[in-house]
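Q: Using this note's numbering, read the sequence shown as starting at 167 and increasing by one per residue.
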Amino acid sequence: MIKVAKFGGSSVANSTQFRKVKKIIDADHDRKFIVTSACGKETHEDHKVTDLLYLCAAHIKYGVSYDSIFQLIEDKYMSIKKDLGLKTDLKAEFKKIRAVIDRDLNTDYLVSRGEYLTGLLLAEYLEAEFVDASQVMAFHYDGSIDMERTAELLNSHVQKGKKILVPGFYGALPNGVIKVMSRGGSDITGAVLANVVDADVYENWTDVSGFLVADPRIIDDPVRIPRITYNELREMSYMGANVLHDDAVFPVRSKNIPINVRNTNDPDNPGTMILNDCSDMDQKEPPHAVTGITGRKDFTVITIVKSHSSAEVGFLRKILSIFEEYHVSIESVPITVDTFSVIVQTKAVEKCLYEIVSRLKKEFVPDDLRIEDHLAMIAVVGRGMKKVPGMSGQFLSEFGKNGINIKVINQSSDELSIAVGVDDRDFEKAIHAIYDKFVSQARRLA
Ligand code: ASP
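1) What do you reckon, are the CB atoms on residue 600 and residue 564 nearer than 8 Å?
2) Going by beta carbon distance, what residues of the same chain come within less than 7 Å of residue 180, once the five residues before and after it are set aside?
3) Taking the alpha helix (DSSP H) that residue 286 belongs to, which residues open and close that run?
4) Let's test the definition: count the other Cβ atoms within 10 Å of the Cβ of residue 163 and tell me whether it reaches 16, buried, or not, exposed.
5) Which of the three DSSP states is assigned to residue 607 in this structure?
6) Just to confirm, does residue 212 get its C-beta within under 7 Å of one of the non-hydrogen atoms of the ligand ASP?
7) Quick one: what does DSSP say residue 566 is sitting in, helix, strand or coil?
8) Check whether the Cβ of residue 353 lies closer than 7 Å to any heavy atom of the ligand PLP, and answer yes or no.
9) In terms of DSSP beta bridges, what is residue 345 paired with?
10) So residue 178 and residue 170 are supposed to be a Cβ contact under 8 Å. How far apart are they, rounded?
11) Use the C-beta contact count for residue 548: other C-beta atoms within 10 angstroms, 16 or more gives buried, fewer gives exposed.
12) Would you kindly work out how many angstroms separate the C-alpha atoms of residue 485 and residue 329, rounded to a whole number?
13) Assuming residue 394 and residue 379 form a contact by the criterion Cβ under 8 Å, report the distance between their Cβ atoms to the nearest whole angstrom.
14) Taking the straight line between their C-alpha atoms, what separation do you get for residue 300 and residue 340?
15) Can you tell me whether residue 304 is buried or exposed, with buried defined as 16 or more other CB within 10 angstroms of its CB?
16) Confirm the yes/no value for this check: CB of residue 175, any heavy atom of the ligand ASP, distance under 7 Å.
17) Unbroken alpha helix (DSSP H) runs of length 4 or more, entirely within the stretch 428-495: which are they?
18) So for residue 254, helix, strand or coil by DSSP?
19) Please classify residue 424: is it buried, with 16 or more other beta-carbons within 10 angstroms of its beta-carbon, or exposed?
20) Just to check my reading of the structure: residue 222 and residue 175 have Cβ atoms closer than 8 Å, yes? What is that Cβ distance to the nearest angstrom?
21) Which residues bound the beta strand (DSSP E) around residue 543?
22) How should residue 321 be labelled, buried or exposed, when 16 other C-beta atoms within 10 angstroms of its C-beta is the threshold for buried?
23) Does residue 382 pass the burial test, meaning 16 or more other C-beta atoms within 10 Å, or should it be called exposed?
24) Does DSSP put residue 516 in a helix, a strand or coil?
25) How is residue 359 classed by DSSP in three states: helix, strand or coil?
26) For a test of the three-state rule: what should DSSP assign to residue 383, helix, strand or coil?
27) Can residue 290 and residue 336 be called in contact, C-beta distance under 8 Å?
28) If we count the other Cβ atoms within 10 Å of its Cβ and call it buried at 16 or more, is residue 555 buried or exposed?
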């Protein structure tokens, strides 16, 4: 079995966290490939190393001394080294970094040093071979990852029985120049590695025990989602749940490698498994109807009513093209006869709403044009819902029972999700009602 284990910034924030990582790696010899982020925040007031490095780059650009900020970074690494009794020559590394950036600043090089230094220390501590990401993570000049070259390079480093540690977040262009990924990119490094080594599982170690059925800021102690499909995850993220970066999902999904989101601070918790297809496991243990409840406030609905427009070919396309001109991304388009509603995030139309409206009025001369703000969208997502007859009826009736007015309804054609729009003021109440009925009650009855 081959496991790729990626540790996020909070998992390597200090020596205490390093010790937890070591326990996790030592507990399972299948964890042969390790990817690390740069040290994250130790406390709420602390700063991520990557943020400090970006700050150094900004100082250099404006000709202001970056010394005091760089010192904070040096101190952080020195204290980890000292606490763990490591030998890595950090002083030489700091000197080299300073020399390189003083000569000619390459921001990507500078900010990649967070992962690089964390990787050096962690590799020594875990007794793994340190493989610099610039030697194995190959980019094309357009910034996309060259999977073939990466596989070739990485395979040349694989030695039987030896663990490998690769820093996340950066790689090199074909000319050897260091390039970083978008923020949070270590997730992508882990996924690419999992793809090229044909891992059986990609473990993503972070500071939460996987995904929760509902937002813990609204529901006290919500239950964990043990298994979720990639499609369900998409539905959840579309409505605002904070989940993995798309680019981190693609390399593993294309090879059907499960992602296991785990908690470094609670390693016995099995976390959440994300799979392409859960049907084998679902047969053994059928899923609950609802996998997750998600939602977001502050949408705006623009409704256009015009007689006989439903029969006019291209009417909807013409409406949407106006939104496109203003680069407004559309969340949903509920339609009934001669009535077209366009739902967008309020902040996306903040600056252009009145221009869009005047264009709509001018070009379509509608019978009525309404704008409604303060709409919250709530979605229940679940691959198990298909099997429950009358599920949407039960779902909608919960709103009625709780005196919550539904303004919009949208069910995905694959029955994977049902979304409703309610007033922002009813958002939390609606989430509670849905959670009580479809999660708490359903589990009590199961
Ligand atoms: N250290 C980088 C960041 O803070 C990349 C990562 O942590 O994945 O965005």
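By construction, the Cβ of each residue, glycine as well, lies at the ideal position given by its N, Cα and C atoms.
A: To lay it out plainly:
1) In contact: residue 600 and residue 564 (Cβ atoms closer than 8 Å).
2) The beta carbon of residue 180 lies closer than 7 Å to those of 208, 246 in the same chain, with the five residues before and after it left out.
3) Run containing residue 286: 273-292, per the alpha helix (DSSP H) assignment.
4) Given that the chain is displayed from residue 167 to residue 612, the structure contains no residue 163 and the question cannot be resolved.
5) Secondary structure of residue 607 (DSSP, three-state): helix.
6) Outside the cutoff, so no.
7) The three-state reading of DSSP puts residue 566 in helix, counting H, G and I together.
8) Among the ligands modelled here, namely the ligand ASP, the ligand PLP does not occur.
9) According to DSSP, residue 345 bridges with 337.
10) With a Cβ gap of about 16 Å, residue 178 and residue 170 do not count as contacting.
11) Counting Cβ neighbours within 10 Å, residue 548 comes out buried, since at least 16 surround it.
12) Linking residue 485 to residue 329 through their CA atoms gives a straight-line distance of about 56 Å.
13) So it is not a contact: roughly 10 Å between Cβ atoms.
14) Distance between the alpha carbons of residue 300 and residue 340: 10 Å.
15) Within a 10 Å sphere around the beta-carbon of residue 304 sit 16 or more other beta-carbons, which makes this residue buried.
16) Yes; taking the cut-off as 7 Å, the Cβ of residue 175 has a heavy atom of the ligand ASP nearer than that.
17) Uninterrupted alpha helix (DSSP H) stretches at least 4 residues long and entirely within the stretch 428-495 occur at 445-450, 481-491, given in chain order.
18) Three-state DSSP puts residue 254 in coil, outside helix and strand.
19) So residue 424 counts as buried.
20) At roughly 17 Å, the Cβ-Cβ gap does not stay under 8 Å, so residue 222 and residue 175 are not in contact.
21) From DSSP, the beta strand (DSSP E) with residue 543 extends over 534-547.
22) With fewer than 16 other Cβ atoms inside 10 Å of its own Cβ, residue 321 counts as exposed.
23) With fewer than 16 other Cβ atoms within 10 Å, it is exposed.
24) Of the three classes helix, strand and coil, the one that applies to residue 516 here is coil, per DSSP.
25) Residue state, collapsed to three classes: helix.
26) Coil at residue 383, not helix or strand.
27) No, they are not a contact pair.
28) Taking all protein chains in view, the Cβ of residue 555 is surrounded by fewer than 16 other Cβ atoms within 10 Å, so the residue is classified as exposed.
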